[in-house]
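S.K.: The structure's right below; bear with me while I get my questions together.
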Amino acid sequence: MSNRTGSRRQRAAEDGERSLIGPPSGRARDSLLDQDVSTPFFVYLLAFFSALGGFLFGYDTGVVSGAMLLLKKEMHLSALWQELLVSSTVGAAALSALSGGFLNGRLGRRICILIASFIFCGGGIILSVAQNKGVLLVGRITVGLGIGIASMTVPVYIAEVSPPHLRGQLVTINSLFITGGQFIASVVDGAFSYLSQDGWRYMLGLSVLPAVLQFFGFIFLPESPRWLLQKGRNQEARQVLGRVRGNQNIEEEYDSIRASIEEEGKEAGSGGVVILRILSYGPTRRALIVGCGLQMFQQLSGINTVMYAYLSCYT
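Residue numbers for the sequence shown follow the UniProt record's numbering, so the first one is 1 and each next one is one higher.
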């Protein structure tokens, strides 16, 4: 038994998942991707509760368009205050996203999602009870902080708990939930736009419901096995991976994740600027250019302006 275990670890160390900075390995990656096994329902449950963070992202950025129509009349908002209430969420999200990597590494993915959902709850409550524009601004900034943390954490968590052969599909659920949140926000805006008073409170406050669902759901959900291995909690990582994978054999995947983490540690200790090493390797350089280019052109297309102001164009 010890010889077989040692052999698996040796093979994982040689052929396990490598960092994107270096050339990819072959045998272990292919064997993991080619597994023809049933996926436990628990994996989909994890993806669903995680992607609620994406739903809240989409809802809180999309709902303000309809709420602003009522707010500017009820609170007599100037153009400056309208701009502040819309843009403050995006600005706060950008700032909190900068700390997302540090918080994910320090606290773990699960704790960060719990923090984000708690912030979403607090922001939704503040917005729903706000009596003046100053409190509204505080609520919008609070929601933005939650968006930044969630947008950095949710895709990472889904990727790390997903089986290799379903990883791409399950991570896409987060994007689906973002656009779904924007769609539901438009429906809610339309439903409460007929209220002569305080309709905006329902629009902004309903975000509390999915936030509460995600918070209590994640109390019972596990941490990412990869993060646990990074922190040296090997036995706990093995238990979580076994729980997520059901009755499947987890030894090969466990050894592969561990080998990948060890390889990353060696690369981190080799010195040099990471971004320069990424740019010097063709596949990662091309992936970085494509990814950043898609994000840049998506923003330059003006879709955010349309999303925030389209209702104002028709009133």
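Where a beta carbon is used, it is the ideal one built from N, C-alpha and C, also for glycine.
List the whole-angstrom C-beta distance separating A47 from I149, where the pair is believed to meet the contact cut-off of C-beta under 8 Å.
M.R.: The sequence position of residue 47 within the sequence shown is 47, counting from 1. The sequence position of residue 149 within the sequence shown is 149, counting from 1. Not quite, the Cβ-Cβ distance comes to about 18 Å (not below 8 Å), so this is no contact.
S.K.: What does a CB cutoff of less than 6 Å around Y202 pick up in its chain, not counting 5 residues either side in sequence?
M.R.: Taking the first residue of the sequence shown as position 1, residue 202 is located at position 202. Within the same chain, Y202 has close Cβ partners F192.
S.K.: Using only CA atoms, which one of G205, G101, V86 lies nearest to L56?
M.R.: Taking the sequence shown and counting its residues from 1, one reaches residue 56 at position 56. Of the candidates G205, G101, V86, the one whose C-alpha sits nearest the C-alpha of L56 is G205.
S.K.: Got a sec, what are the start and stop residues for the alpha helix (DSSP H) F220 sits in?
M.R.: What you label residue 220 is simply residue 220 of the sequence shown in a count that begins at 1. From DSSP, F220 is part of no alpha helix (DSSP H); its letter is neither H nor E.
S.K.: Under 8 Å by Cβ, that's how I've got Y59 and S207 pegged, so tell me the actual separation to the nearest angstrom.
M.R.: One-based indexing of the sequence shown puts residue 59 at position 59. One-based indexing of the sequence shown puts residue 207 at position 207. Sure, about 5 Å apart at Cβ, within 8 Å.
S.K.: Where do the N-terminal and C-terminal ends of the alpha helix (DSSP H) with M75 fall, by residue?
M.R.: Here the question's residue 75 lines up with position 75 in the sequence shown. Here M75 belongs to no alpha helix (DSSP H), and DSSP marks it neither H nor E.
S.K.: Could you work out which residue in Y44, Y157, V64 is closest to G105 when comparing CA atoms only?
M.R.: Along the sequence shown, one-based indexing puts residue 105 at 105. For G105, the nearest C-alpha among the options comes from Y157.
S.K.: Are L127 and G139 close, meaning C-beta to C-beta below 8 Å?
M.R.: Here residue 127 corresponds to residue number 127 of the sequence shown, with the count starting at 1. Here residue 139 corresponds to residue number 139 of the sequence shown, with the count starting at 1. Cβ distance < 8 Å, so L127 and G139 count as in contact.
S.K.: Report yes if the CB atom of F120 is closer than 8 Å to the CB atom of V86, and no otherwise.
M.R.: Here residue 120 is taken as the residue at index 120 of the sequence shown, counted from 1. Here residue 86 is taken as the residue at index 86 of the sequence shown, counted from 1. The answer is no: Cβ separation not under 8 Å.
S.K.: Pull up the distance between the alpha-carbon of L288 and that of L77, whole angstroms please.
M.R.: Taking the first residue of the sequence shown as 1, we reach residue 288 at position 288. Taking the first residue of the sequence shown as 1, we reach residue 77 at position 77. Roughly 42 Å between the two C-alpha positions.
S.K.: Does the contact criterion of 3 or more C-beta pairs under 8 Å hold for the region 215-228 versus the region 240-256?
M.R.: Segments in contact, yes.
S.K.: When you compare only the Cα positions, how much space is there between V136 and M75?
M.R.: Here residue 136 is taken as the residue at index 136 of the sequence shown, counted from 1. Here residue 75 is taken as the residue at index 75 of the sequence shown, counted from 1. Position check: residue 136 holds Leu in this sequence, whereas Val was assumed. Cα to Cα, L136 sits roughly 11 Å from M75.
S.K.: With respect to the alpha helix (DSSP H) encompassing A159, which residues constitute its N-terminal and C-terminal limits?
M.R.: Within the sequence shown, residue 159 is the residue found at index 159, counting from 1. Start and end: 133-161.
S.K.: Checking 8 Å against the spacing of the C-beta atoms, do V43 and P222 come in under that value?
M.R.: For the purposes of this step, residue 43 is taken as residue 43 along the sequence shown, with counting starting at 1. For the purposes of this step, residue 222 is taken as residue 222 along the sequence shown, with counting starting at 1. For V43 and P222, no; Cβs fall outside 8 Å.
S.K.: Between which two residues does the alpha helix (DSSP H) carrying N174 extend?
M.R.: Looking up residue 174 in the sequence shown gives position 174. Its alpha helix (DSSP H) spans residues 167-192.
S.K.: Reducing DSSP to helix, strand and coil, say where V63 ends up.
M.R.: Translated into positions along the sequence shown, residue 63 becomes position 63. V63: coil per DSSP, three-state reduction.
S.K.: Please state the DSSP three-state secondary structure of R27.
M.R.: Numbered from 1 along the sequence shown, position 27 holds the residue referred to as residue 27. Bear in mind that the predicted position of R27 carries a pLDDT of just 48, short of 50, making it too unreliable to give a figure here.
S.K.: Please report the Cβ distance between G62 and Q182, rounded to the nearest whole angstrom; I am assuming they are in contact, meaning their Cβ atoms lie under 8 Å.
M.R.: By 1-based counting over the sequence shown, the position of residue 62 is 62. By 1-based counting over the sequence shown, the position of residue 182 is 182. Contact flag correct, Cβ pair sits at about 4 Å.
S.K.: Return the Cβ separation of A130 and G53 in integer angstroms, given the expectation that the two are a contact with Cβ distance under 8 Å.
M.R.: If you number the sequence shown from 1, residue 130 lands on position 130. If you number the sequence shown from 1, residue 53 lands on position 53. Not confirmed; about 23 Å, so no contact.
S.K.: How about A211 and M152: do their beta carbons lie closer than 8 Å?
M.R.: The residue labelled residue 211 in the question sits at position 211 within the sequence shown. The residue labelled residue 152 in the question sits at position 152 within the sequence shown. Cβ atoms of A211 and M152: not closer than 8 Å.
S.K.: Compute the Euclidean distance between the alpha carbons of L95 and Y254, then round it to the nearest angstrom.
M.R.: Locating residue 95 in the sequence shown gives position 95, counting from the first residue. Locating residue 254 in the sequence shown gives position 254, counting from the first residue. Taking the straight line from one Cα to the other gives about 35 Å.
S.K.: On the CB-based measure, 16 or more other CB atoms within 10 Å of its CB, does F102 come out buried or exposed?
M.R.: As a first step, residue 102 must be located in the sequence shown, where it is residue number 102. By the 10 Å Cβ count, F102 comes out exposed.
S.K.: Would you kindly work out how many angstroms separate the C-alpha atoms of S50 and F41, rounded to a whole number?
M.R.: Counting from 1 along the sequence shown, the entry for residue 50 is found at position 50. Counting from 1 along the sequence shown, the entry for residue 41 is found at position 41. Straight-line Cα distance between these residues: approximately 14 Å.
S.K.: Taking 8 Å as the cut-off, decide whether the C-beta atoms of G66 and D198 are in contact.
M.R.: Here residue 66 refers to the residue found at position 66 of the sequence shown. Here residue 198 refers to the residue found at position 198 of the sequence shown. Contact flag unset, no.
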